[in-house]
Structures are given as structure tokens and as C-alpha cells.
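With UniProt numbering, the residue at position 45 of the sequence shown is 45, and numbering never jumps.
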Amino acid sequence: MTQTVICMKWGPRYGADFANRLWGMIRRNTTRDTRLICFTDNAEGVHPDIECRPIPHVNLPESHRMKPWRKIALWNRDLGLEGDILFMDLDLVITGTIDGFFDHAPEETFCVIRNWTQPDKRIGNTSVYRFRVGAHHDVYQRLMDDPEGVTGAHPNSQTYISRTISSMAFWPVEWCVSFKHSLMPRWPLNFIKDVPLPETARVVAFTGKPDPDDAVVGKWPAKGHKKLYKYVRPTPWIAEHWRE
């Protein structure tokens, strides 16, 4: 049976090269027949082995159209897919096998990363999650019915998802790490110590800044006084994994 991974790409920030790198990392880190489907508004330059589909319609206030709230479109039961599928953000680095993401807690219809910044709360980080198509259509429908109310009541889409779904499982904590929250040495050690890569990590997520293309060369986009402490040393292991 083919494993299905999906991603989303919209707007100018993440080009086709991000989708192509994701596909390369997936191919190198699975022993099973696996496909990647990219829901996108621009398929130009995307590797021909990646199946591109239009982004499903989702009702959002204008202020939220370019934000991660657009990922709620994937909770539509009319996605054209079935069964359990794995979502992965474009701005992550796969460093180990992904097959376990399809095997973990098979009875659950939603598996997600435990949020690194709220470990004591039932909030998932949706950089990597598995869900059963159609099992939680209400996540999509509630937003469609009341976009202003839903977005106004929740600080972000992943909090909304976590509050709406009654049952979820978290990935083993060692599988998914945050570049910024799990691995970065604390200030001022970030100026003199390299960012390590744990052997047990399977996915490194880049929440906020820096992105992989920044961190690999030692760049942290920051403004004003934040430049005094927002610093990362060049991180060569990113280039080893983050490639087509």
C-alpha cells in the first residue's frame, strides 16, 4: 500500500525548490512506496514526480489568507484522498526514517507533535501530523461557517485544531525537534557553539525564524535590537539532509 505525504505551497516565500527538497528527503528516508502530493497555487518548477493539486477552497478573513490558517483547507472531507495521510511543512528537515509516522498509534485519527513551547498543554504543533481524511471534517466546516469568529477566538490554526479535536496522539518526543526551541544553544552560547543534531531526531522543524536556507549559512533575519542576540552559527548538517 502506498504511503501518502502531502504539503502546501502558496505565495512567494517558499519556492518550488522547497517542495523538491522535501521530496528528496522523503525518498531517502522511507523503505516503502511513498508519494508526495503538493497542494499549491503555483506548480511551476515542481519536480515531475510530485503530484500537484489546487489548494481546496477555505473561507478566511483577508487578514488571514496568507497565514498557516490556509492549511485548514486540508481537513475538507472532499480532499480527493482517503485513509491516513501525513502532512509535512515545507520548512523542515527530515533526518531519519518517516515510516514510523504511518505506524504510530494506528487507532488514532490525529497524531501530531507536542508543542515545544506549551509542553504541559494539549496543543499540537502541526509541522508534522497524520490525520484520517474525513474523520474531522468539522475542523474545516466550523471555519467555513464562521471565519471571523473562529480566527478571532484562537491565536493560531494549530491551537484551533487541538481544541476542536477531542482525541489525539503525540509523536515520541525524540522524533520531532525544533531547531530554535530544542537545539539552539542558549544566549550567549549560540555565538560560540554549533547547533547539534540528535541521532534520534527524524524531523527538525523550523518554526518562525530562521528557516533552513538561513540557518545553513549562519543567517538569522532579525530587526533592531534583536540582532544583538538572534544569531546562529553556520549549520552544515542542514545541507547534508536538506537537498533534492
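Glycine included, each C-beta is placed from N, C-alpha and C at the ideal position.
Tell me, which residues are paired with residue i by DSSP?
| i | result |
| --- | --- |
| residue 248 | As displayed, the chain neither begins before 1 nor continues past 244, which places residue 248 out of reach and without an answer. |
| Gln158 | Answer by DSSP bridge pairing: none, since Gln158 is not bridged. |
| Val5 | Leu36 and Leu86 |
| Ile113 | Asn125 |
Output needed for residue i: all residues of its chain with C-beta closer than 7 Å, excluding positions within five of it in sequence on either side, in chain order.
| i | result |
| --- | --- |
| residue 273 | Any answer about residue 273 is impossible in this case: the structure gives the chain only from 1 up to 244. |
| Ala43 | Cys52 |
| Lys193 | Pro185 |
| Thr31 | Asp99 |
| Val133 | Arg77, Leu79, Leu81, Glu82, Gly83 and Ile85 |
Per DSSP, what kind of secondary structure is residue i in: helix, strand or coil?
| i | result |
| --- | --- |
| Asp49 | coil |
| Met66 | coil |
| Leu36 | strand |
| Asn190 | helix |
| Leu86 | strand |
| Phe182 | One point to set straight first is that residue 182 is Ser, not Phe, in the sequence displayed. It is helical. |
| Leu92 | strand |
| Arg233 | coil |
| Ala19 | helix |
| Arg28 | helix |
| Ala169 | strand |
| Arg13 | coil |
| Arg132 | strand |
| Asp138 | helix |
| His104 | coil |
| Leu228 | helix |
| Lys223 | coil |
| Asp41 | coil |
| Leu81 | coil |
| Leu143 | helix |
| Pro212 | helix |
Below 8 Å CB to CB, which residues in the same chain sit around residue i once its five sequence neighbours on both sides are set aside?
| i | result |
| --- | --- |
| Pro210 | Phe179, Lys180, Lys219, Trp220, Pro221 and Val232 |
| Arg142 | Val150 and Thr164 |
| Met25 | Val93, Ile94, His241, Trp242 and Arg243 |
| Val173 | Arg114 |
| Gly11 | Asp41 and Met66 |
Thinking residue i and residue j are a contact (beta carbons under 8 Å), I'd like their distance in whole angstroms, please.
| i | j | result |
| --- | --- | --- |
| Ile85 | Thr4 | 4 Å |
| Cys52 | Val46 | 6 Å |
| Val93 | Pro212 | 6 Å |
| Ser127 | Ala16 | Actually they are not in contact, since the Cβ atoms of Ser127 and Ala16 sit about 20 Å apart, beyond 8 Å. |
| Ala19 | Leu90 | 6 Å |
| Val203 | Cys176 | 5 Å |
| Ile113 | Trp69 | Actually they do not touch by this definition, with Cβ atoms about 18 Å apart. |
| Met66 | Cys7 | Wrong, their Cβ atoms sit about 16 Å apart, outside the cutoff. |
Please work out which residues of its chain come closer than 6 Å, Cβ to Cβ, to residue i, disregarding the five sequence neighbours upstream and downstream, and give them in chain order.
| i | result |
| --- | --- |
| Pro56 | Ala73 and Asn76 |
| His64 | Thr151 |
| Ala169 | Ala105, Glu108 and Cys111 |
Give a yes or no on contact between the region 97–108 and the region 143–152, applying the rule of three or more CB pairs nearer than 8 Å. no
Are there three or more Cβ pairs, one per stretch, closer than 8 Å when the region 117–124 is compared with the region 27–47? No: the two stretches stay apart, fewer than three of their Cβ pairs being nearer than 8 Å.
Touch check for the region 155–168 and the region 190–199: three-plus C-beta pairs under 8 Å? no
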